[in-house]
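Under this note's numbering, residues 835 to 1021 are what the sequence shown spells out, in order.
We put the beta carbon where it would ideally sit given N, CA and C, even for glycine.
Everything below concerns the one structure shown next.
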Amino acid sequence: MKLHIKNMVCNRCKMVVKAELEKLGFKPLLVELGEVTLAENISPEDKIKISDSLTHFGFELLEDKKTQIAEQIKTAIINLVHYAQEPLKINLSAYLSELLKLEYTSLSSIFSEVEDQTIEKYFIAQKIEKAKEMLTYGELTLSEIAYQLNYSSVAHLSAQFKKVTGITPSAYKAASMDSRKTLDEVK
835 MKLHIKNMVC NRCKMVVKAE LEKLGFKPLL VELGEVTLAE NISPEDKIKI SDSLTHFGFE
895 LLEDKKTQIA EQIKTAIINL VHYAQEPLKI NLSAYLSELL KLEYTSLSSI FSEVEDQTIE
955 KYFIAQKIEK AKEMLTYGEL TLSEIAYQLN YSSVAHLSAQ FKKVTGITPS AYKAASMDSR
1015 KTLDEVK
């Protein structure tokens, strides 16, 4: 049986969810970001127990199909932006459509309805959060960051960064600001 879980955004989240399920006596076969496959079907009472246990850690068991799809989109974007080993050279709409096996117009409509923002805006917010992380570490130049995040130029990255954060990347780096958000807080 598959369970869809909101706010699973990193490997530590996967470990916490797996440990909680095992503590409750369930056998997770596969634990991925946003999704757990259990060896057995569970009763409505068990779902309540799981939900209560996971809520304590900031997770949420998702029942509604549209909410599940929106969460799958968010998880896919987080994986793409934060965990990809190669620079982002991808058509987002084609990537999401292929991954989730739905037309992009449907995905976009569902995401906007559930999250009250567009997929593109969420994608940009995640890219800016990744840029903030890279700036904080100070290992890459702005030009390298723009390349890694698939911006056409440093000017394009800087303009989007300023639009989202209110300051330029250079000002952010110079001020040694650490106004980063956790991945589940990025909207």
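C-beta atoms of V865 and K852 nearer than 8 Å:
Within the sequence shown, numbered from 1, the residue matching residue 865 stands at position 31. Within the sequence shown, numbered from 1, the residue matching residue 852 stands at position 18. Going by C-beta atoms, V865 is nearer than 8 Å to K852.
Local Cβ density within 10 Å of H838, reported as buried at 16 or more and exposed below that:
In the sequence shown, residue 838 corresponds to position 4, counting from 1. H838 is buried by the Cβ-count criterion.
For E949, tell me which candidate among H990, M835, I903 has the shortest Cα-Cα distance.
In the sequence shown, residue 949 corresponds to position 115, counting from 1. It is I903.
Taking the beta strand (DSSP E) that K840 falls in, what are its first and last residues?
Counting from 1 along the sequence shown, the entry for residue 840 is found at position 6. K840 -> beta strand (DSSP E) spans 836-840.
From what residue to what residue does the beta strand (DSSP E) around T871 run?
As a first step, residue 871 is located in the sequence shown; it is residue number 37 there, counting from the start. Residues 869-872.
Helix, strand or coil at V865 [DSSP, three-state]:
Locating residue 865 in the sequence shown gives position 31, where the first residue counts as 1. Of the three classes helix, strand and coil, the one that applies to V865 here is strand, per DSSP.
Are the region 918-930 and the region 970-983 touching by the rule of at least three beta carbon pairs closer than 8 Å?
yes
Backbone secondary structure at R936 - three-state DSSP:
The sequence position of residue 936 within the sequence shown is 102, counting from 1. What sits at residue 936 in the sequence shown is Leu, not Arg. Three-state result, L936: coil.
Mind reading off the beta-carbon distance from L930 to I912? Whole number of angstroms is fine, and I expect it under 8 Å.
Taking the first residue of the sequence shown as 1, we reach residue 930 at position 96. Taking the first residue of the sequence shown as 1, we reach residue 912 at position 78. The Cβ separation is near 12 Å, so there is no contact.
Find the nearest neighbour of I958 within the set L934, K857, T970, A993, judged by alpha-carbon distance.
Within the sequence shown, the letter at position 124 stands for residue 958. Here the closest residue by C-alpha is A993.
I need the straight-line Cα distance from E869 to K836, nearest angstrom please.
As a first step, residue 869 must be located in the sequence shown, where it is residue number 35. As a first step, residue 836 must be located in the sequence shown, where it is residue number 2. C-alpha separation (whole angstroms): 7 Å.
Can you tell me where the beta strand (DSSP E) holding E894 begins and where it ends?
What you label residue 894 is simply residue 60 of the sequence shown in a count that begins at 1. Counting along the chain, the beta strand (DSSP E) containing E894 begins and ends at 894-896.
Considering just the uninterrupted stretch of the alpha helix (DSSP H) at Y985, what are its terminal residues?
Sequence index remark: in the sequence shown, residue 985 carries index 151 (1-based). Premise fails: Y985 is in no alpha helix (DSSP H) and is neither H nor E.
Is T909 buried or exposed, if buried means 16 or more other CB atoms sit within 10 Å of its CB?
Within the sequence shown, numbered from 1, the residue matching residue 909 stands at position 75. T909 should be labelled buried.
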